[in-house]
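All residue numbers for the sequence shown refer to my numbering, where the first residue is 255 and numbers rise by one.
Backbone N, C-alpha and C define an ideal beta-carbon position, used for all residues, glycine too.
Predicted, not measured: the structure shown is a model, and the values here were computed from it.
Let me begin by presenting the structure, written as C-alpha cells, before commenting on it.
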Amino acid sequence: MSDETRTETRLPATTPSVPGDAPAPGPAAWVTPVVVAGLVLAALNLRPAITSLGPLLEDVRGGLRMSGTVAGVLTSVPPFCFAVFGFTAPRLARRFGPGAVVCAGMVAITAGLLIRPFTSGTPAFLAASALALMGIAVSNVLMPVIVKRYFPDRVGTMTGLYSMALALGTAFAAAATVPMTEALGGSWRVGLGVWAVLAALAVLPWIALVRDRSGAATPSPADAPGARGLSLVRSRTAWALACYFGIQASGAYITMGWMPQVFRDAGLSAGTAGLLLAVTMVMGVPLAFVIPRLATRLKNQGPIAVALGLCGLTAFTGLSLAPASGAWLWAVLLGISNCSFPLALTMIGMRSRSGAGVVRLSAFAQSTGYLMSIPGPLLIGVLYQNTGGWGLPLAIMGGFLVPQMVAGVIAGRDRTIEDETRMRD
Numbered sequence: 255m256s257d258e259t260r261t262e263t264r265l266p267a268t269t270p271s272v273p274g275d276a277p278a279p280g281p282a283a284w285v286t287p288v289v290v291a292g293l294v295l296a297a298l299n300l301r302p303a304i305t306s307l308g309p310l311l312e313d314v315r316g317g318l319r320m321s322g323t324v325a326g327v328l329t330s331v332p333p334f335c336f337a338v339f340g341f342t343a344p345r346l347a348r349r350f351g352p353g354a355v356v357c358a359g360m361v362a363i364t365a366g367l368l369i370r371p372f373t374s375g376t377p378a379f380l381a382a383s384a385l386a387l388m389g390i391a392v393s394n395v396l397m398p399v400i401v402k403r404y405f406p407d408r409v410g411t412m413t414g415l416y417s418m419a420l421a422l423g424t425a426f427a428a429a430a431t432v433p434m435t436e437a438l439g440g441s442w443r444v445g446l447g448v449w450a451v452l453a454a455l456a457v458l459p460w461i462a463l464v465r466d467r468s469g470a471a472t473p474s475p476a477d478a479p480g481a482r483g484l485s486l487v488r489s490r491t492a493w494a495l496a497c498y499f500g501i502q503a504s505g506a507y508i509t510m511g512w513m514p515q516v517f518r519d520a521g522l523s524a525g526t527a528g529l530l531l532a533v534t535m536v537m538g539v540p541l542a543f544v545i546p547r548l549a550t551r552l553k554n555q556g557p558i559a560v561a562l563g564l565c566g567l568t569a570f571t572g573l574s575l576a577p578a579s580g581a582w583l584w585a586v587l588l589g590i591s592n593c594s595f596p597l598a599l600t601m602i603g604m605r606s607r608s609g610a611g612v613v614r615l616s617a618f619a620q621s622t623g624y625l626m627s628i629p630g631p632l633l634i635g636v637l638y639q640n641t642g643g644w645g646l647p648l649a650i651m652g653g654f655l656v657p658q659m660v661a662g663v664i665a666g667r668d669r670t671i672e673d674e675t676r677m678r679d
C-alpha cells in the first residue's frame, strides 16, 4: 500500500466514533450533489462563529462591558463545547441518523449566530455562543461519517474538499468580518449577525437529506469487543497524544481569540488585524495536505512536531520584540505552527493497528485534549487584564510550545497502543 493511500485510509478514522462506518446502499442519483453541497456549506460554517469574533472582540467587550477575564472565558468556550457536546454526536447519530443530526447542528449554528449579536448582556452572549458551538461540535464529529457513508471509494478526495472548505471558512470570516461590518454601518452586532445568513444556507441541503437514515443504527467500531479491551489510561503514547492535541488546541484558540487584539494593541487597524488572522488560518489549506503525507513517510514524527513548535516559538518571540514591523512574518509562522492539528490527527491514525483502536485512541486523545485546552485562553485573558500588556501572555504562549514539542516527540515514536497495553483487538 502506498504512503498516500495509507494517509487517506487513516485520516477519516480519527474521528471519535464512526456510527456509519459500514457503507450504506448506494444513494439515489440526486443525493450525491446534494451531499457534496451540504458538506461544503457545513464545513464553511464550522469556524466563522469563532474567527469572526476575534477582530471585533474589543468592540464586543466595550458594547457589553466585558472584562478581559470574561473575554478569556469566551475564548475558552469553543474547546469546552467541543469536548462536552462532541461526546453526544455518536449516540445521537445512532438514534436519529447522521444527516438529521448535522441538519440540527446547522440550525443550532444559525440560531446561535442570529441571537448572539443582539443580546443585552454577557451571560446571554455566552449562552448564544454555546448554542452555536454545540451545533459545530456535533457536526464536526459527524462530517467524516457522512463522507465515509456516501463516498466510501473517494474518502481522501472528499475529506480534502471538506478540509479545504473548513480552512477557507475560517480564513474568510477572519478577513471579511471587519470590512463587512464597516460596509453595513459599523455596528459590531450587525457584523457578527451577518454570518447567520451563511449558516442558514447550509441548512437547506441537509433538510433534503434529513429522512435519509439508513445506517443510523449501525454499531460504532468503538463498541467492538476489541475496542472495549483497550485500556488507554495505561498507554504512554495515548497520554502523549492527548497532551499534544490539547496544547495545540489551546494554542489555536488563543490565536483565534487573541491574536487580532495583539496586533491592534501594536497600532494596527482592526481590518489589518483581521487580515493577519486570515493569513494565519489560510496556511492550513495547503499544509493540511502536505504534513500528513510527509508524516506517513517517516517512522518517527517527532522531528515534524519539533519543527512546527520552533516556528511558533519564533513567532511569539517576534511578536514580543517587533509586533507591528514583522506582523506578516509572524502571522505566517503562527499559521505553520498551528498545523500541529493535522499532524496530531495523522499520528492518532498511525499509533494503532486497527480501525477500532484508532477510534478509541481518537476519542481519548481529542476529548481529553480539548478538556486540557480550556484553561489556556482563560489564563491569557486574566494575564492581559492584570498586566495591561502582552509581554507576559506572549511568554506564556511560547512556553506552552515546549511541553507540546516534548509530547510530540513521545507520541511520534514508532509504536502502537496495542503494544503498550498488551491487549488484543
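Short of 7 Å in beta carbon distance, which residues of its chain neighbour P433, apart from the five on each side in sequence? Order them along the chain. G525
Please determine, among L328, G603, G440, the residue with the shortest C-alpha to C-alpha distance to L632. For L632, the nearest C-alpha among the options comes from L328.
To the nearest angstrom, how far is the alpha carbon of L583 from that of G351? 45 Å
So A384 packs on V457, CB below 8 Å; how close in whole Å? Going by Cβ atoms, the distance from A384 to V457 rounds to 19 Å, so no, they are not a contact pair.
Would F499 and G623 qualify as a contact pair, given that the criterion is a beta-carbon distance under 8 Å? The answer is yes: Cβ separation under 8 Å.
Helix, strand or coil for V585, going by three-state DSSP, please let me know. First, the residue type needs correcting, since residue 585 is Ala and not Val in the sequence shown. Secondary structure at A585: helix, using DSSP grouped into helix, strand and coil.
Own chain, CB closer than 6 Å to L587, minus 5 neighbours either side, in chain order: Excluding residues within five positions, the ones whose Cβ falls inside 6 Å are C565, T568, A569.
Please state whether the Cβ-Cβ distance between V361 and V392 is less than 8 Å. no
Buried versus exposed, by CB contacts within 10 Å (16 or more), F372: exposed
Can you give the Cα-Cα distance for G662 and P557, rounded to whole angstroms? 8 Å
Check whether A527 and L420 have beta carbons under 8 Å apart: no
Using C-beta distances below 8 Å, list every residue in its chain close to D668, excluding the 5 sequence neighbours before and after it, in chain order. K553, N554
Buried or exposed (CB count within 10 angstroms, at least 16 for buried), T641: exposed
Measuring CB to CB, does S441 end up less than 8 Å from Q502? no
Among L346, V444, N299, whose alpha-carbon lies nearest the alpha-carbon of L310? V444
Going along the chain, which residues of its own chain have a beta-carbon closer than 8 Å to the beta-carbon of S621, five neighbours each way excluded? P270, A337, G340, F341
Leaving out five residues on either side along the sequence, give the residues of the same chain with a beta carbon under 7 Å from the beta carbon of G666. Closer than 7 Å at the Cβ level, and outside the excluded window around G666, lie N554, Q555, G556, A559, M601.
Starting from the C-beta of T305, find all residues in its chain whose C-beta is less than 6 Å away, skip the five residues before and the five after it, and write them out in chain order. T424, A427, A428, M510
Cα separation between G353 and A303? Roughly 21 Å between the two C-alpha positions.
Alpha carbon to alpha carbon, what distance is there between C497 and A476? Confidence is the limiting factor: at A476 the pLDDT is only 42, short of 50, which leaves the residue's position unreliable, though a coordinate-based value still follows. Rounded to the nearest angstrom, the two C-alpha atoms are 22 Å apart.
Apart from the five residues just before and just after P647, which ones in its own chain have a Cβ nearer than 7 Å to its Cβ? I634, L637, Y638
Straight-line Cα distance separating M388 from I628: 15 Å
Is the beta carbon of V285 sitting closer than 8 Å to the one on L463? For V285 and L463, yes; Cβs fall inside 8 Å.
Do L447 and L367 have their CB atoms nearer than 8 Å? As written in the sequence, residue 447 is Gly, which differs from the Leu given in the question. Contact: yes.
Got a sec? Which residues, its chain only, sit under 6 Å from W644 by beta carbon, not counting five neighbours each side? V516
CB contact below 8 Å: R488 versus chain B: No chain B appears in this structure, which consists of one protein chain only.
Assuming E459 and L295 are in contact, meaning their beta carbons sit under 8 Å apart, how far apart are those beta carbons, in whole angstroms? In the sequence on display, residue 459 carries Pro and not Glu. That belief holds up - the Cβ atoms of P459 and L295 are roughly 6 Å apart, short of 8 Å.
To the nearest angstrom, how far is the alpha carbon of A578 from that of M513? 12 Å
Please say whether L562 and L530 have beta carbons closer to each other than 8 Å? No, the Cβ-Cβ distance between L530 and L562 is not below 8 Å.
Pop quiz: R605 and I671 are said to be a contact at Cβ under 8 Å. What is the actual Cβ separation, rounded to whole angstroms? 6 Å
Alpha-carbon to alpha-carbon, D313 and T550: 44 Å
Could you check whether G630 and S523 sit closer than 8 Å to each other, using their CB atoms as the reference points? no
Could you tell me if P546 is buried or exposed, where buried requires 16 or more neighbouring beta carbons within 10 angstroms of its beta carbon? buried
Determine, using beta carbons only, whether N299 and I369 come nearer to each other than 8 Å. Taking a C-beta distance under 8 Å as the contact criterion, N299 and I369 do not qualify as a contact pair.
Pair within 8 Å by beta-carbon distance, A585 and V533: yes
In this structure, does DSSP put T373 in helix, strand or coil? When secondary structure is reduced to three states using DSSP, T373 falls in the coil class, being assigned neither helix nor strand.
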